[in-house]
Amino acid sequence: MQPSLGTGSQLQGREDGSVKLLKRVLACGATLAALSAPAHAQNNADQVSSVSLIAEASEVHPGQTILIGLRFELEDHWHIYWDGRNDTGFAPMIDWDLPDGVRVGPLLWPAPSRYVSPGNILDHVYEGTPTILTMLTVDPDVAPGTSLEIKGQVEWLVCNDVCLPGFGPVSLELTTAPKVLSSPEQLEPLSPDAPIGRSASKLPVPLTAQTKPAGLSLRWGEDIVTVEYQDATSLAFYPMLASVSLVSTLEDAKAEGSKLALRLAAPEDDLSSSDERRLVGVLAATTDEGAVWYLIDFGSDGLRQPADAELISHVRARVERRPS
Amino acid sequence: MNWFKRNGLAVLGAVAAMSAATSLSVATAMQATNQSQLGVTAGEKAPAFSLKDTKGKEHSLETILAKDSTKAVVLEWFNPDCPFVVKHHKNNTTMKDLAEKYADEGVVWIAINSGHEGHSTTGTERNNTAIKDWNIAYPVLMDMSGEVGRQYGAKRTPEMYVIAKDGTVVYHGAIDSDRSARNLGETNYVDDALRAHLAGETIPMQRTQAYGCTVKYRN
Numbered sequence: 009m010q011p012s013l014g015t016g017s018q019l020q021g022r023e024d025g026s027v028k029l030l031k032r033v034l035a036c037g038a039t040l041a042a043l044s045a046p047a048h049a050q051n052n053a054d055q056v057s058s059v060s061l062i063a064e065a066s067e068v069h070p071g072q073t074i075l076i077g078l079r080f081e082l083e084d085h086w087h088i089y090w091d092g093r094n095d096t097g098f099a100p101m102i103d104w105d106l107p108d109g110v111r112v113g114p115l116l117w118p119a120p121s122r123y124v125s126p127g128n129i130l131d132h133v134y135e136g137t138p139t140i141l142t143m144l145t146v147d148p149d150v151a152p153g154t155s156l157e158i159k160g161q162v163e164w165l166v167c168n169d170v171c172l173p174g175f176g177p178v179s180l181e182l183t184t185a186p187k188v189l190s191s192p193e194q195l196e197p198l199s200p201d202a203p204i205g206r207s208a209s210k211l212p213v214p215l216t217a218q219t220k221p222a223g224l225s226l227r228w229g230e231d232i233v234t235v236e237y238q239d240a241t242s243l244a245f246y247p248m249l250a251s252v253s254l255v256s257t258l259e260d261a262k263a264e265g266s267k268l269a270l271r272l273a274a275p276e277d278d279l280s281s282s283d284e285r286r287l288v289g290v291l292a293a294t295t296d297e298g299a300v301w302y303l304i305d306f307g308s309d310g311l312r313q314p315a316d317a318e319l320i321s322h323v324r325a326r327v328e329r330r331p332s
Numbered sequence: 009m010n011w012f013k014r015n016g017l018a019v020l021g022a023v024a025a026m027s028a029a030t031s032l033s034v035a036t037a038m039q040a041t042n043q044s045q046l047g048v049t050a051g052e053k054a055p056a057f058s059l060k061d062t063k064g065k066e067h068s069l070e071t072i073l074a075k076d077s078t079k080a081v082v083l084e085w086f087n088p089d090c091p092f093v094v095k096h097h098k099n100n101t102t103m104k105d106l107a108e109k110y111a112d113e114g115v116v117w118i119a120i121n122s123g124h125e126g127h128s129t130t131g132t133e134r135n136n137t138a139i140k141d142w143n144i145a146y147p148v149l150m151d152m153s154g155e156v157g158r159q160y161g162a163k164r165t166p167e168m169y170v171i172a173k174d175g176t177v178v179y180h181g182a183i184d185s186d187r188s189a190r191n192l193g194e195t196n197y198v199d200d201a202l203r204a205h206l207a208g209e210t211i212p213m214q215r216t217q218a219y220g221c222t223v224k225y226r227n
């Protein structure tokens with residue numbers, strides 16, 4: 009019973025790829041992985057993934073805020089998890105160890121892809137070289153010429169047909185620039201060709217009355233939320249942890265065409281963050297102009313500004329615009 | 009500021025504590041919204057099954073429930089090479105300890121591996137090795153067709169079901185409140201469910217979101 013996915017339950021892999029071929033490759037990959045490290049494979053994600061800390065600049069002025077990123081490099085067909093509602097796995101976590109005078113903000117997650125496994129199992133994942141962003145601020149009173157070591161312990165899970173847990177340190181050396189800028193926010197535009205800029209360009213646009221495109225409408229019903237976007241040729245919704253539960257994210261939250269009908273369910277006991285039922289997550293739309301993503305916080309009273317909206321808008325605004 | 013806690017799983021723990029008080033109404037409402045093709049959850053009838061374990065012995069849920077000594081049945085979806093299963097069987101002995109704790113109280117603990125034939129994590133040999141390595145005292149049933157797993161709607165390993173004497177699922181979800189592959193959760197939902205159920209009390213959390221690896225179903 010999967011009208012929107014066709015043979016979805018028979019497939020494994022990213023839904024936007026050549027899935028059947030991928031499936032065969034995956035099966036081989038899994039067998040090889042299992043054979044190559046039988047005893048302690050579960051403790052060694054390094055075979056198929058690595059993680060590092062990167063920054064948009066190596067020098068930072070006291071008082072300035074720059075973007076840094078947790079950059080993963082994944083072997084083909086392996087994935088890590090988005091920080092939203094997934095059936096399995098968990099999203100990467102970092103426990104920061106920061107020098108005095110340095111602060112970081114919340115993690116900012118680029119739009120993921122849906123990943124369906126046999127048994128109607130749905131996850132939202134990243135493949136390739138995903139970068140999870142955060143803002144790093146150096147206090148104005150940090151002395152120029154100070155060497156700042158940004159450190160953290162990262163925990164992640166990398167899976168294809170089998171899963172390997174990863175855990176390890178990351179670090180990054182920054183230096184405070186000789187003097188405080190008169191205009192500390194002045195930073196170069198982010199190139200969409202570089203890892204941080206590419207990730208920034210995939211941050212979902214916080215949807216508000218101001219940013220909502222004409223042709224996009226949301227309707228709240230007691231048991232169903234409908235999303236229509238006239239410009240879209242396909243739509244998907246990726247629910248976040250704060251969202252109301254859906255009866256079937258697998259069946260309802262992806263469709264060809266311009267409309268989604270999301271049936272609302274009661275929450276799990278451990279995920280009901282409040283009595284208020286709101287649809288919170290990422291709306292992914294394919295339009296003639298390419299893929300677009302919106303961050304949505306929608307309830308019976310309409311749209312509300314999503315969490316971290318100002319931060320995300322600020323980062324997005326820094327991505328270099330290219331004439332199309 | 010501790011962003012690990014803000015971004016990580018501690019949030020779930022706090023949310024879990026907050027929502028415990030409202031679980032009764034949630035459990036009632038949820039019966040109406042879940043559909044049979046999505047498997048079963050708390051409040052619904054546990055599908056009957058009969059499966060062989062890794063030693064070739066047949067186990068029927070119906071027969072187990074009919075025994076006078078049986079007060080409840082725990083089903084644990086299992087895959088010996090899943091890091092989350094390893095967390096609870098090798099790095100810690102969560103499952104073994106809980107099964108032992110309630111064995112004398114008439115709780116029958118059963119593991120089920122629904123991985124398909126030919127997968128590196130399935131088959132009697134691989135699973136018997138795990139049973140031996142981890143001193144598992146309860147049977148691991150082989151469901152290589154995935155039929156039982158799909159009837160239950162089990163998607164992850166470990167995914168837990170507590171079944172009452174009358175065949176009703178009274179708890180469905182995670183083993184505990186920490187969804188990582190490394191740390192144990194502060195709350196063990198299955199322990200809480202069994203304690204309450206055997207005392208004739210309302211189970212505080214009847215439905216949580218299980219975490220783990222995908223069950224390796226056949227395509």
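Protein chains in written order, with the numbering used here: chain A, 9 to 332; chain B, 9 to 227. Idealized CB from N, CA, C, for every residue including glycine. Here the structure is a predicted model, which is why all the values come from computation and not from measurement.
When C-alpha distances from L78 (chain A) are compared across A:W117, A:N52, A:R324, the shortest belongs to A:W117.
Contact between A182 (chain B) and Q217 (chain B) is confirmed by a C-beta separation of about 6 Å, below the 8 Å threshold.
Nearest to D296 (chain A) by C-alpha distance, out of A:A240, A:S125, A:S58, A:A151, is A:A240.
Counting every other CB atom within 10 Å of its CB across the protein chains shown gives K75 (chain B) a total below 16, marking it as exposed.
Among the bridge pairs identified by DSSP, E67 (chain A) is matched with A:T183. The beta-carbon of T216 (chain B) is placed less than 8 Å from the nearest beta-carbon of chain A.
In the three-state reduction of the DSSP assignment, E70 (chain B) falls in the helix class, which pools H, G and I. Residues of chain B whose Cβ lies closer than 8 Å to the Cβ of T96 (chain A) are, in chain order, K163, R164, Y219, G220, C221, T222.
V150 (chain A) sits away from L61 (chain A), with the two beta carbons spaced by 8 Å or more. Under the three-state reduction of DSSP output, Y197 (chain B) falls in the helix class. At a cut-off of 8 Å between beta-carbon atoms, S68 (chain B) makes no contact with chain A.
For E84 (chain B), the enclosing beta strand (DSSP E) stretches over residues 80-85. For the C-beta of R226 (chain B), the chain A residues within less than 8 Å are, from N- to C-terminus, P126.
Per DSSP, reduced to three states, the secondary structure at H132 (chain A) is strand. Identification of residues in the segment 172-186 of chain A having a C-beta nearer than 8 Å to some C-beta of chain B yields L172, P173, F175, given in sequence order. Assignment of A269 (chain A) by DSSP, reduced to helix, strand and coil, places it in the strand class.
CA-CA distance, I118 (chain B) to A217 (chain A), rounds to 53 Å. Under the three-state reduction of DSSP output, G223 (chain A) falls in the coil class, being neither helix nor strand. Judged by DSSP in its simplified three-state form, Q313 (chain A) adopts coil rather than helix or strand.
When C-alpha distances from Q55 (chain A) are compared across A:P203, A:L291, A:E81, the shortest belongs to A:E81. Restricting attention to alpha helix (DSSP H) runs no shorter than 4 residues, the segment 232-260 of chain A encloses them at 257-260, ordered along the chain. Think of a sphere of 9 Å around the beta carbon of G157 (chain B): the chain A residues whose beta carbon falls inside it are G127, in chain order.
Between T132 (chain B) and H124 (chain B), the CB-CB gap reaches or exceeds 8 Å. Look at the segment 154-170 of chain A: the residues with a C-beta under 8 Å from a C-beta of chain B are E163, L165, C167, D169, V170. With 16 or more neighbouring CB atoms inside 10 Å of its own CB, N128 (chain A) falls in the buried class. G109 (chain A) and G153 (chain A) have their C-alpha atoms roughly 14 Å apart.
Residues of the same chain with a CB within less than 6 Å of the CB of S58 (chain A), apart from the 5 flanking positions on each side, are E81 in chain order.
When DSSP states are grouped into helix, strand and coil, D296 (chain A) belongs to the coil group. The Cβ atoms of Y225 (chain B) and R164 (chain B) lie no closer than 8 Å to each other.
Comparing C-alpha distances from P214 (chain A) to each of A:D95, A:Y237, A:V290, A:V162 shows the shortest one belongs to A:V290. For D54 (chain A), not one C-beta of chain B is nearer than 8 Å to its own C-beta. S209 (chain A) and G136 (chain A) have their alpha carbons spaced roughly 16 Å apart.
When secondary structure is reduced to three states using DSSP, M213 (chain B) falls in the coil class, being assigned neither helix nor strand. With contacts defined by Cβ atoms closer than 8 Å, N121 (chain B) and N100 (chain B) do not form a contacting pair.
For Q161 (chain A), the enclosing beta strand (DSSP E) stretches over residues 155-167.
Cβ proximity to chain A below 8 Å picks out G181, A182, S185, R187, S188, A189 from the segment 169-189 of chain B.
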